[in-house]
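K.L.:
I'd like to ask some things about the structure below.
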Ligand code: GTR
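Numbering (my numbering), first residue to last: 2 to 397.
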């Protein structure tokens, strides 16, 4: 009896910590760190001072306080085509299933990649890579079932290759087992308060896929967009921030510690995410639970750190948990860094109406009607955005 009483109290106590706001009129004033002012107070007003100073400072702050450090070295990468079909999708695509085995200090991890390359496109083809945070059945090589989460046929018809790996290969999405993947290669990360965890591991794996793309003659590794939904969208941002080789970043409904501002305190909060998913971010991040104002960063800085490469963020109308307005505002705040590169943002001044995509680089955004999801509608806008970007590059 007594035991139950204690449990009940704990539930109540955690219920109190979990209070959250869904009411715009209740958003309290907050101050964002100025993306164009360095920690020592220097004003950043040129590409040179941004690139030589502030950009790496920002990445470092995110490593220290949020996602953890990103190991860059490993001993080897073995690339094995485990299955191939040159006439997949009724002859429209060349399917390659690839096992990427990375080794470091006697440990190894295998990332299984599914890749479709359009047959009707002059090679090398541009590509989209999805960090798949949902079950593998969403990204099936067999196409026995087709999921709107990864509309590979439509992307192939648009002239792009499409690839995916499932996050569990890199780090199981579980607080007790996330170590059983990339982390095995870097045991010191587990011991450090600024060591990476699952989100860092997923981003690390995306970079190994890029290592493979650089050696794959059918893929144009200079035209690869990294895509992620929700927790995968947090990882796609971190991937692009860390790895300049990704040409575009797509972050879908990524919400808290993704593209949405944390200091707005709307929808999911840092306390909630740290409690529910202690295995995503580093130990230091736990200091900011219910203490967002102390964070030396906010998510507009992560978006800005990807500049001048384009970023497309999305929201969904029924997904207040991921704070659509806070996502849009973060994109707006990032505009000034693109401005340094003379890249004028085409985003409107205020959050656009539902289903009104702004899909011209450098910054794209839409708020789709409906639920928290990655859908063919979202992918369609990603393709348009990528077309605009690559087209503009070709003309230069
Ligand atoms: C939720 C989590 C979000 C988001 C989402 C998802 O439970 O609170 O931050 O990552 O899961 O990945 O679908």
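C-beta: ideal position from N, C-alpha, C; glycine also.
In angstroms, rounded to a whole number, what distance separates the CA positions of residue 331 and residue 87?
P.N.:
Your numbering for residue 331 matches position 330 in the chain shown. Your numbering for residue 87 matches position 86 in the chain shown. When rounded, the distance between both Cα atoms is 43 Å.
K.L.:
Go to residue 391, then tell me how far its alpha helix (DSSP H) extends in each direction, as first and last residue.
P.N.:
On the chain shown, residue 391 is found 390 positions in, with the first residue counted as 1. Segment 377-396, the alpha helix (DSSP H) holding residue 391.
K.L.:
Kindly confirm or deny that the segment 163-177 and the segment 32-48 touch, where touching means at least three C-beta pairs closer than 8 Å.
P.N.:
Remark: fewer than three beta-carbon pairs, one from each stretch, lie closer than 8 Å, so the segment 163-177 and the segment 32-48 are not flagged as touching.
K.L.:
Could you check where the alpha helix (DSSP H) with residue 62 kicks off and where it finishes?
P.N.:
On the chain shown, residue 62 is found 61 positions in, with the first residue counted as 1. Boundaries of the alpha helix (DSSP H) around residue 62: 56-63.
K.L.:
Please state if the CB of residue 82 and the CB of residue 97 are separated by a distance shorter than 7 Å.
P.N.:
Taking the first residue of the chain shown as position 1, residue 97 is located at position 96. Taking the first residue of the chain shown as position 1, residue 82 is located at position 81. Going by beta carbons, residue 97 and residue 82 fall inside the 7 Å limit.
K.L.:
Got a sec? Which residues, its chain only, sit under 8 Å from residue 63 by beta carbon, not counting five neighbours each side?
P.N.:
Residue 63 sits at position 62 when you count from the first residue of the chain shown. If we look at residue 63 and ignore the five residues flanking it on each side, its Cβ neighbours are 239, 242, 298, 302, 303, 306.
K.L.:
Tell me which residue opens and which closes the alpha helix (DSSP H) that residue 325 is part of.
P.N.:
Position 324 of the chain shown, counted from the first residue, corresponds to residue 325. Element bounds for residue 325: 325-341.
K.L.:
Taking a contact to mean a Cβ-Cβ separation below 7 Å, would you say residue 390 touches residue 309 in this structure?
P.N.:
Indexing the chain shown from 1 puts residue 390 at position 389. Indexing the chain shown from 1 puts residue 309 at position 308. Against a cut-off of 7 Å, the Cβ pair of residue 309 and residue 390 comes out as no contact.
K.L.:
Starting from residue 108, trace the alpha helix (DSSP H) in both directions and tell me its first and last residue.
P.N.:
For the purposes of this step, residue 108 is identified with residue 107 of the chain shown, where counting begins at 1. From DSSP, residue 108 is part of no alpha helix (DSSP H) but of the beta strand (DSSP E) over 108-119.
K.L.:
What is the residue span of the alpha helix (DSSP H) that residue 274 lies within?
P.N.:
Counting from one through the chain shown, the residue named residue 274 turns up at place 273. Residues 271-277.
K.L.:
Can you tell me where the beta strand (DSSP E) with residue 86 in it begins and where it stops?
P.N.:
Along the chain shown, read from residue 1 onward, the residue named residue 86 stands at position 85. Element bounds for residue 86: 77-88.
K.L.:
What's the gap between the Cα of residue 203 and the Cα of residue 329?
P.N.:
Here the question's residue 203 lines up with position 202 in the chain shown. Here the question's residue 329 lines up with position 328 in the chain shown. Cα-Cα distance, rounded: 25 Å.
K.L.:
Report the rounded CA-to-CA distance for residue 109 versus residue 25, giving the unit in angstroms.
P.N.:
On the chain shown, residue 109 is found 108 positions in, with the first residue counted as 1. On the chain shown, residue 25 is found 24 positions in, with the first residue counted as 1. Their backbone Cα atoms lie some 47 Å apart in a straight line.
K.L.:
Quick one: Cα of residue 349 to Cα of residue 365, how far?
P.N.:
Your numbering for residue 349 matches position 348 in the chain shown. Your numbering for residue 365 matches position 364 in the chain shown. About 10 Å.
K.L.:
Among 157, 73, 89, 145, which one has its Cα closest to the Cα of residue 122?
P.N.:
As a working note, residue 122 is residue 121 in the chain shown. Comparing C-alpha distances from residue 122 to each of 157, 73, 89, 145 shows the shortest one belongs to 157.
K.L.:
Quick one: measure Cβ to Cβ for residue 231 and residue 255, integer angstroms, because I've assumed they're closer than 8 Å.
P.N.:
What you label residue 231 is simply residue 230 of the chain shown in a count that begins at 1. What you label residue 255 is simply residue 254 of the chain shown in a count that begins at 1. Residue 231 to residue 255, Cβ: 6 Å. Contact.
K.L.:
Could you give the residue range of the alpha helix (DSSP H) that holds residue 189?
P.N.:
The sequence position of residue 189 within the chain shown is 188, counting from 1. Residue 189 -> alpha helix (DSSP H) spans 188-192.
K.L.:
Under the rule that 16 or more other beta-carbon atoms within 10 Å means buried, what is residue 237, buried or exposed?
P.N.:
Locating residue 237 in the chain shown gives position 236, where the first residue counts as 1. The residue is buried, with at least 16 neighbouring Cβ atoms inside 10 Å.
K.L.:
How many Å lie between residue 378 and residue 369 at the Cα?
P.N.:
Residue 378 sits at position 377 when you count from the first residue of the chain shown. Residue 369 sits at position 368 when you count from the first residue of the chain shown. Whole-angstrom Cα-Cα distance: 8 Å.
K.L.:
Taking residue 293 as the reference, which of 281, 319, 257 has the closest Cα?
P.N.:
For the purposes of this step, residue 293 is taken as residue 292 along the chain shown, with counting starting at 1. When each option's Cα is compared against that of residue 293, the closest is 257.
K.L.:
So what does residue 98 bridge to, in DSSP terms?
P.N.:
The count along the chain shown starts at 1 and reaches residue 98 at position 97. In the DSSP output, where bridge partners are listed per residue, residue 98 has 84, 115.
K.L.:
Alpha carbons only, please: which of 65, 47, 137, 159 is nearest the one belonging to residue 150?
P.N.:
On the chain shown, position 149 is the one that residue 150 refers to. For the residues 65, 47, 137, 159, the minimum Cα distance to residue 150 belongs to 137.
K.L.:
Let me confirm a value: residue 79 is counted as buried when at least 16 other C-beta atoms fall within 10 Å, else exposed. Which label applies?
P.N.:
Working through the chain shown from its first residue, we reach residue 79 at position 78. Exposed, because fewer than 16 other Cβ atoms sit within 10 Å of the Cβ of residue 79.
K.L.:
On the three-state DSSP scale, how would you describe residue 209?
P.N.:
Position 208 of the chain shown, counted from the start, is the residue given in the question as residue 209. DSSP places residue 209 in helix when its eight states are reduced to three.
K.L.:
Evaluate residue 334 with the Cβ neighbour count: other Cβ atoms within 10 Å of its Cβ, from every protein chain shown; 16 or more gives buried, anything less gives exposed.
P.N.:
Reading the chain shown from its first residue, position 333 is the one you call residue 334. Burial call: buried.
K.L.:
Using 6 Å as the cut-off, classify the Cβ of residue 319 as near or not near the heavy atoms of the ligand GTR, replying yes or no.
P.N.:
In the chain shown, counting from the first residue as 1, residue 319 sits at position 318. Not under cutoff, so the answer is no.
K.L.:
Taking C-alpha atoms, which residue in 382, 105, 266, 170 lies nearest to residue 361?
P.N.:
Position 360 of the chain shown holds residue 361. Minimum Cα distance to residue 361 is reached at 382.
K.L.:
Give me whichever residues DSSP pairs with residue 252 in a beta bridge.
P.N.:
Position 251 of the chain shown holds residue 252. In DSSP, residue 252 forms a bridge with 229, 314.
K.L.:
Mark residue 7 as exposed unless 16 or more other C-beta atoms lie within 10 angstroms of its C-beta, in which case mark it buried.
P.N.:
On the chain shown, residue 7 is found 6 positions in, with the first residue counted as 1. In this predicted model, residue 7 has a pLDDT of only 32, less than 50, meaning its place in the structure is not dependable; the value taken from the coordinates is given anyway. Exposed is the call here.
K.L.:
By Cβ distance, which residues of its chain are closer than 7 Å to residue 199, with the 5 residues on each side in sequence left out?
P.N.:
Locating residue 199 in the chain shown gives position 198, where the first residue counts as 1. Same-chain partners within the cutoff: 172, 174, 179, 280, 281.
K.L.:
According to DSSP, what are the bridge partners of residue 70?
P.N.:
Position 69 of the chain shown, counted from the first residue, corresponds to residue 70. For residue 70, which the question treats as bridged, DSSP gives the partners 196.
K.L.:
Taking one C-beta from the segment 101-108 and one from the segment 131-146 each time, how about it: are there three or more such pairs within less than 8 Å?
P.N.:
no
K.L.:
Can you name, in chain order, every residue of its own chain whose Cβ lies under 8 Å from the Cβ of residue 344, other than the five neighbours on each side?
P.N.:
As a position in the chain shown, residue 344 is number 343, starting the count at 1. Excluding positions up to five away in sequence, the list reads 308, 309, 362, 363.
K.L.:
Report the rounded CA-to-CA distance for residue 318 versus residue 260, giving the unit in angstroms.
P.N.:
Along the chain shown, read from residue 1 onward, the residue named residue 318 stands at position 317. Along the chain shown, read from residue 1 onward, the residue named residue 260 stands at position 259. Their backbone Cα atoms lie some 16 Å apart in a straight line.
K.L.:
If I follow the unbroken alpha helix (DSSP H) through residue 180, where does it start and stop?
P.N.:
Within the chain shown, the letter at position 179 stands for residue 180. No alpha helix (DSSP H) holds residue 180; DSSP gives it neither H nor E.
K.L.:
Note down the Cα distance separating residue 164 from residue 224, rounded to an integer number of angstroms.
P.N.:
Locating residue 164 in the chain shown gives position 163, where the first residue counts as 1. Locating residue 224 in the chain shown gives position 223, where the first residue counts as 1. Approximately 13 Å between the Cα atoms of the pair.
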